[in-house]
Amino acid sequence: ISVSAFLLNRSSDLEIASLTRNLDLQHKVSFTDFVRDNFFPVLGGLIAVFSLILYLMWLRMKSARVATERLELIEATQLDPLTGLYTDAFFKEYAYRIYRQNPTRPMDAFVLDMDQFHLINELKGFAFGDKVFQTLADEIKAFVRETDGIAARQGADRFLIYCAHQDRYAQIYERFVRSLSELSTQVNILLRMGVMPWKPGLEPVSLLERALTANNRAR
Numbered sequence: 005i006s007v008s009a010f011l012l013n014r015s016s017d018l019e020i021a022s023l024t025r026n027l028d029l030q031h032k033v034s035f036t037d038f039v040r041d042n043f044f045p046v047l048g049g050l051i052a053v054f055s056l057i058l059y060l061m062w063l064r065m066k067s068a069r070v071a072t073e074r075l076e077l078i079e080a081t082q083l084d085p086l087t088g089l090y091t092d093a094f095f096k097e098y099a100y101r102i103y104r105q106n107p108t109r110p111m112d113a114f115v116l117d118m119d120q121f122h123l124i125n126e127l128k129g130f131a132f133g134d135k136v137f138q139t140l141a142d143e144i145k146a147f148v149r150e151t152d153g154i155a156a157r158q159g160a161d162r163f164l165i166y167c168a169h170q171d172r173y174a175q176i177y178e179r180f181v182r183s184l185s186e187l188s189t190q191v192n193i194l195l196r197m198g199v200m201p202w203k204p205g206l207e208p209v210s211l212l213e214r215a216l217t218a219n220n221r222a223r
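My numbering numbers the first residue of the sequence shown as 5 and each following residue consecutively.
Following this line, the structure appears as structure tokens:
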């Protein structure tokens, strides 16, 4: 009898424990109850998360603004503001990049000059002189697009071109002269051009120096 009683008592204990567990499951705290009971801690956590998101967005916008400002600064220093051509320093850097990528690729150097351009400014004004530069620069830009090249304005009235090897240099010179034909009816514009055709082993600056020598001989 004592043994039976012991077993009965153990069984009752298990039933009570099971009932207790069932009751615990039935009385789980809902999310709404949790938020209501912990309103301020939850609110503080949401504010912290929202603030972090805003901070990260601000950092991203700041980085984008800095990158844009740097790009604008680079563009402002690498392009001549009047003609849109490269400045001398950037032109030579890019010419070297082209050369280093393929040293055996035939590339020519051109130097164009306008003789006594200061007289044009004195006679017709600086606005007219700027128009002359822009007209020639537009034709040069069209030319380098066709010949896979680059161009720059050097100093006041000198232009540099580094492009794929060409033939018929006289026709190229006439092309640039024709671009100024409408303006040259109002004032005499003398355009000189020197060319150094590609030669194996000559780097861009060496080509340009020889093209400048040829240009000076055209006086």
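For glycine and all other residues, C-beta sits at the position ideal for the given N, C-alpha and C.
Do you know how far the Cα of residue j is from the Cα of residue i?
{"i": "residue 125", "j": "residue 162", "result": "15 Å"}
{"i": "residue 156", "j": "residue 140", "result": "12 Å"}
{"i": "residue 85", "j": "residue 144", "result": "16 Å"}
{"i": "residue 83", "j": "residue 97", "result": "13 Å"}
{"i": "residue 43", "j": "residue 63", "result": "30 Å"}
{"i": "residue 208", "j": "residue 166", "result": "8 Å"}
{"i": "residue 177", "j": "residue 190", "result": "21 Å"}
{"i": "residue 210", "j": "residue 219", "result": "14 Å"}
{"i": "residue 195", "j": "residue 187", "result": "13 Å"}
{"i": "residue 160", "j": "residue 136", "result": "12 Å"}
{"i": "residue 180", "j": "residue 172", "result": "13 Å"}
{"i": "residue 127", "j": "residue 138", "result": "18 Å"}
{"i": "residue 53", "j": "residue 34", "result": "22 Å"}
Under the three-state reduction of DSSP, which class applies to residue i: helix, strand or coil?
{"i": "residue 48", "result": "helix"}
{"i": "residue 207", "result": "coil"}
{"i": "residue 74", "result": "Residue confidence for residue 74 is low, a pLDDT of 48 falling below 50, so the modelled location carries little weight; the figure read from the coordinates is stated next. Residue 74 falls in the helix class under three-state DSSP."}
{"i": "residue 65", "result": "helix"}
{"i": "residue 89", "result": "coil"}
{"i": "residue 43", "result": "helix"}
{"i": "residue 224", "result": "Outside the shown range of the chain (5 to 223) lies residue 224, about which nothing can therefore be said."}
{"i": "residue 115", "result": "strand"}
{"i": "residue 4", "result": "As displayed, the chain neither begins before 5 nor continues past 223, which places residue 4 out of reach and without an answer."}
{"i": "residue 221", "result": "helix"}
{"i": "residue 56", "result": "helix"}
{"i": "residue 179", "result": "helix"}
Let's test the definition: count the other Cβ atoms within 10 Å of the Cβ of residue i and tell me whether it reaches 16, buried, or not, exposed.
{"i": "residue 241", "result": "Residue 241 is absent from the structure shown; the chain starts at 5 and stops at 223."}
{"i": "residue 57", "result": "exposed"}
{"i": "residue 90", "result": "buried"}
{"i": "residue 130", "result": "exposed"}
{"i": "residue 87", "result": "buried"}
{"i": "residue 37", "result": "exposed"}
{"i": "residue 133", "result": "buried"}
{"i": "residue 117", "result": "buried"}
{"i": "residue 60", "result": "exposed"}
{"i": "residue 99", "result": "buried"}
{"i": "residue 47", "result": "exposed"}
{"i": "residue 123", "result": "exposed"}
When the distance is taken between beta carbons, is residue j closer than 8 Å to residue i?
{"i": "residue 215", "j": "residue 199", "result": "yes"}
{"i": "residue 168", "j": "residue 111", "result": "yes"}
{"i": "residue 154", "j": "residue 95", "result": "yes"}
{"i": "residue 92", "j": "residue 170", "result": "no"}
Closer than 8 Å, CB to CB, is residue i near chain D or not?
{"i": "residue 136", "result": "Among the chains in the structure shown there is no chain D, since it carries only a single protein chain."}
Original post:
Which full runs of the alpha helix (DSSP H) of 4+ residues lie inside the stretch 122–161, going along the chain?
Top reply: 130–150
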